[in-house]
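Visitor:
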Amino acid sequence: MSKLLTLILVIVAVWSLAKGFRRKDPSRHAPEAAPEQMVNCHYCGLYLPQSEALAEAGKFFCCAEHRRRAG
Ligand SMILES: [Zn+2]
Numbered sequence: 001m002s003k004l005l006t007l008i009l010v011i012v013a014v015w016s017l018a019k020g021f022r023r024k025d026p027s028r029h030a031p032e033a034a035p036e037q038m039v040n041c042h043y044c045g046l047y048l049p050q051s052e053a054l055a056e057a058g059k060f061f062c063c064a065e066h067r068r069r070a071g
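So in my numbering, spot 44 of the sequence shown is number 44, and the numbers just go up one at a time.
1) Quick one: Cα of residue 4 to Cα of residue 20, how far?
2) If you draw a straight line from the C-alpha of residue 44 to the C-alpha of residue 35, how long is it?
3) Return the chain-ordered list of same chain residues with a C-beta closer than 8 Å to the C-beta of residue 53, the five sequence neighbours on each side being excluded.
4) At which residues does the alpha helix (DSSP H) containing residue 55 begin and terminate?
5) With a threshold of 6 Å on Cβ separation, who are the neighbours of residue 46 within its own chain once the five nearest residues in sequence on each side are excluded?
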């Protein structure tokens with residue numbers, strides 16, 4: 001019976017360690033801390049962040065050339 005208790009304690013210890021490592025990992029990497037709104041170019045369909053896109057009449061474009069061609 002004490003052998004089983006030791007086994008359970010070992011499993012719990014390993015599990016909590018693994019859980020701790022997993023919790024530490026994403027904060028270190030922080031892949032998308034501030035996810036930006038992504039938009040599609042209305043002309044060619046290119047996917048780009050809204051801050052890099054050119055907006056006109058509620059539509060987004062990847063460059064001035066595509067905005068001019070679509071307009
Ligand atoms: Zn485009």
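Glycine residues also receive a C-beta, built at the ideal position from the N, C-alpha and C atoms.
Guide: A quick look at the data gives this:
1) 24 Å
2) 23 Å
3) 39, 41, 60, 61 and 62
4) Note, residue 55: premise wrong, no alpha helix (DSSP H); beta strand (DSSP E) at 54-56.
5) 62
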